[in-house]
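> I have a structure here, written as structure tokens, and I will follow up with some questions on it.
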Amino acid sequence: MANKLLGTQTIKFNNPPSIVASASIVGPKEGQGPLGKYFDKILNDELWGEKTWEKAESKIMRETINTVLSSANKAPSDINFILAGDLLNQCLSSNYAIRESNIPYFGLYGACSTMTESLALASMIIDGGYADNIICVTSSHFCSAEKQFRFPLELGTQRPLTSQWTVTGSGAVILSSNGNGPFITQATAGKIVDMGIKDANNMGAAMAPAASDTIYRHFEDTGGIPSEYDMVVTGDLGYIGMEITDDILIKLGCRITDRFRDCGAMIYDRERQDTHAGGSGCGCSASVLAGYLYKEILGGNLNRILLVSTGALMSPSSIQQGESIPSIAHAVTIQKTLG
Amino acid sequence: MQQPFTKKEYQNYVDKKSPNSNIGKNLIWAFVVGGLICVVGQVIRNLFLARGYPVDTVANLNSITMIFLGAFLTGINIYDDLGKKAGAGSIVPITGFANSIVSPAMEYRSEGYILGVGARMFLIAGPVLVYGITTSVIIGLLYYMFR
Numbered sequence: 004m005a006n007k008l009l010g011t012q013t014i015k016f017n018n019p020p021s022i023v024a025s026a027s028i029v030g031p032k033e034g035q036g037p038l039g040k041y042f043d044k045i046l047n048d049e050l051w052g053e054k055t056w057e058k059a060e061s062k063i064m065r066e067t068i069n070t071v072l073s074s075a076n077k078a079p080s081d082i083n084f085i086l087a088g089d090l091l092n093q094c095l096s097s098n099y100a101i102r103e104s105n106i107p108y109f110g111l112y113g114a115c116s117t118m119t120e121s122l123a124l125a126s127m128i129i130d131g132g133y134a135d136n137i138i139c140v141t142s143s144h145f146c147s148a149e150k151q152f153r154f155p156l157e158l159g160t161q162r163p164l165t166s167q168w169t170v171t172g173s174g175a176v177i178l179s180s181n182g183n184g185p186f187i188t189q190a191t192a193g194k195i196v197d198m199g200i201k202d203a204n205n206m207g208a209a210m211a212p213a214a215s216d217t218i219y220r221h222f223e224d225t226g227g228i229p230s231e232y233d234m235v236v237t238g239d240l241g242y243i244g245m246e247i248t249d250d251i252l253i254k255l256g257c258r259i260t261d262r263f264r265d266c267g268a269m270i271y272d273r274e275r276q277d278t279h280a281g282g283s284g285c286g287c288s289a290s291v292l293a294g295y296l297y298k299e300i301l302g303g304n305l306n307r308i309l310l311v312s313t314g315a316l317m318s319p320s321s322i323q324q325g326e327s328i329p330s331i332a333h334a335v336t337i338q339k340t341l342g
Numbered sequence: 012m013q014q015p016f017t018k019k020e021y022q023n024y025v026d027k028k029s030p031n032s033n034i035g036k037n038l039i040w041a042f043v044v045g046g047l048i049c050v051v052g053q054v055i056r057n058l059f060l061a062r063g064y065p066v067d068t069v070a071n072l073n074s075i076t077m078i079f080l081g082a083f084l085t086g087i088n089i090y091d092d093l094g095k096k097a098g099a100g101s102i103v104p105i106t107g108f109a110n111s112i113v114s115p116a117m118e119y120r121s122e123g124y125i126l127g128v129g130a131r132m133f134l135i136a137g138p139v140l141v142y143g144i145t146t147s148v149i150i151g152l153l154y155y156m157f158r
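And the structure:
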């Protein structure tokens, strides 16, 4: 009998894991954004001395893992598992980043929802008593993502106003069975929702129904209300996806408007940085969590948040074949103290 | 959870929510930049004519020079900035064609000279060539049959 399951798709942790350390490394554009001061390291250029975008992304993730280990004062041998993912085919950034780490590895793919997917799974593993320390990490890179999903960088194309800008960066946290918080107390696993949007340049609209589904389900399952959270923060819906999600939730009688934020909308300056609908990518919610949100929770400005990373689960082939975009969102409750 | 929209209603709703590009501004940018590229082409043509090259040769020299300029500006990371503003204004001229071949060549250099540069160079320009050449063959046949 599953005694930790709330409602249909939410889990309540009896032994909530603590986030004992975080680290984030981002590219120059993200560093110039409004959250720049919260990141641990800002790169001067997007290649970081590597020959290819893919190698650069791997290096960003590898160094983020090293940084989080040293800030937690832990050795790789202290870590039981690492749960990681990225956007590139076969999760290659993660595979190469973790190749030499000697840490048992679960590779995940949930597109841009991977960060909360890894947090939810790691929390279950720790709550279940299967591990004491787990690293959750994801990354994305503007250039490698453009190359895989869109056009060569130097091609003179115009980006539509609905398009989003893939975040160059990586965020990592260490979850531990032993710690003083912030704690992950609940996780709501998302379902795939596909409302028929086919435009890969409007991922916010594709993901909004999935985000609203998970957020609505979270409150239904837990019996909670939005005012118990200081912030409901989605991964990378962007401005358009946020507006739509808010609209859908209001129609369903769930009003989060006054505490609704989005990592993709926060990470860039809309007017100054020409990023159109906002940021996106696995690295978006990861770096904003590891940089901004984690530090705000530690500092006491935020006590309880619902982090909802959102993913558009398409591939270049599915888009070319005219398929619509299946989307998903996973949520985790992060709170400073228990009770 | 039951979504409050049907798929069709949702698509209509999203279309209404999504901002459209500023057509007026884009048209002006395209007109000015596309026009300037043509002016540069005309100046180059006149320079070649002034140096006494025959008209047929000048047409070739002119194209070659413009292709070089397009490729060069792509190589030094300028053409994409131009394209971001000018859209079709910098895609349609022959410099845009050069950009569409050089940009994938640069992007896929990391996959080697055969399967990277060689195979991917025509990723964008390939369809233009296939359908451009096909159309000209069909028009040529029609011209041959009905002239």
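Chain order of the listed sequences is A and B.
Heads up: the first sequence runs through residues 4 to 342, numbered per our numbering.
Heads up: the second sequence runs through residues 12 to 158, numbered per our numbering.
From the three backbone atoms N, C-alpha and C, an ideal C-beta is built for every residue, glycine too.
Computed from a prediction, not measured in an experiment: that's the story for all the values here.
If contacts are defined as beta-carbon pairs under 8 Å, then Gly10 of chain A and Asp224 of chain A qualify, I think. What distance do you get, rounded to the angstrom?
At roughly 3 Å, the Cβ-Cβ gap stays under 8 Å, so Gly10 of chain A and Asp224 of chain A are in contact.
> Could you tell me which whole alpha helix (DSSP H) segments of length 4 or greater appear in the segment 82 to 141 of chain B?
Here the runs fully enclosed are 90 to 97, 99 to 102, 105 to 118.
> Report the residue ranges of all alpha helix (DSSP H) runs contained in full by the segment 24 to 53 of chain A; include only those spanning at least 4 residues, in chain order.
The qualifying runs are 31 to 34.
> Taking Cβ-Cβ distances shorter than 8 Å, what residues in chain B pair up with Asp205 of chain A?
Here residue 205 of chain A is Asn; the residue named in the question, Asp, does not match the sequence. Here the neighbours are Val25, Ser29.
> Which residues in chain B have a C-beta closer than 8 Å to the C-beta of Ala208 of chain A? List them in chain order.
Correct list: Val25, Lys28, Ser29.
> Show which residues of chain B have a CB atom less than 8 Å away from the CB atom of Pro163 of chain A.
Under the 8 Å cutoff, chain B gives Ser32.
> Would a check of beta-carbon distances place Thr55 of chain A closer than 9 Å to chain B?
Cβ-Cβ to chain B under 9 Å: yes for Thr55 of chain A.
> Does the beta-carbon of Asn136 of chain A have 16 or more other beta-carbons within 10 angstroms, so that it is buried, or is it exposed?
So Asn136 of chain A ends up on the buried side.
> Give the DSSP-derived three-state secondary structure of Gln12 of chain A in the structure shown.
Gln12 of chain A: coil per DSSP, three-state reduction.
> Which bits of chain D does Thr85 of chain B rub up against, with CB to CB less than 7 Å?
As a matter of chain content, chain D is missing from the structure shown, whose protein chains are A and B.
> Exposed or buried, what is Ile135 of chain B when buried is set at 16 or more other beta-carbons lying within 10 Å of its beta-carbon?
Per the 10 Å Cβ criterion, buried.
> Answer with buried or exposed for Arg62 of chain B, where buried requires no fewer than 16 other C-beta atoms within 10 angstroms of its C-beta.
Label assigned to Arg62 of chain B: exposed.
> Would you say Gly159 of chain A and Ser114 of chain B are within 9 Å of each other, going by their C-beta atoms?
Result yes, Cβ atoms of Gly159 of chain A and Ser114 of chain B sit closer than 9 Å.
> Over what stretch of residues does the alpha helix (DSSP H) that includes Phe109 of chain A continue unbroken?
First-last for Phe109 of chain A: 108 to 110, but that is the beta strand (DSSP E), not the alpha helix (DSSP H).
> Mind the definition here: the segment 129 to 143 of chain A touches the segment 82 to 101 of chain A only if three or more C-beta pairs lie below 8 Å; say whether that holds.
Segments in contact, yes.
> Mind pulling the beta strand (DSSP E) runs of 3 or more residues that sit fully within the segment 250 to 289 of chain A?
Fully enclosed beta strand (DSSP E) runs of 3 or longer: 263 to 265.
> Helix, strand or coil for Arg158 of chain B per DSSP?
Note: Arg158 of chain B maps to coil in three-state DSSP.
> Taking DSSP as the reference, what is the three-state secondary structure of His333 of chain A?
His333 of chain A: strand per DSSP, three-state reduction.
> Using DSSP's beta-bridge definition, name the partner residues of Asp89 of chain A.
Answer is A:Ser142.
> Counting Cβ pairs closer than 8 Å, one from the segment 176 to 191 of chain A and one from the segment 20 to 29 of chain A, do we hit at least three?
Result yes; three or more Cβ-Cβ pairs closer than 8 Å.
> Cβ atoms of Gly302 of chain A and Ile63 of chain A: under 9 Å apart, would you say?
No.
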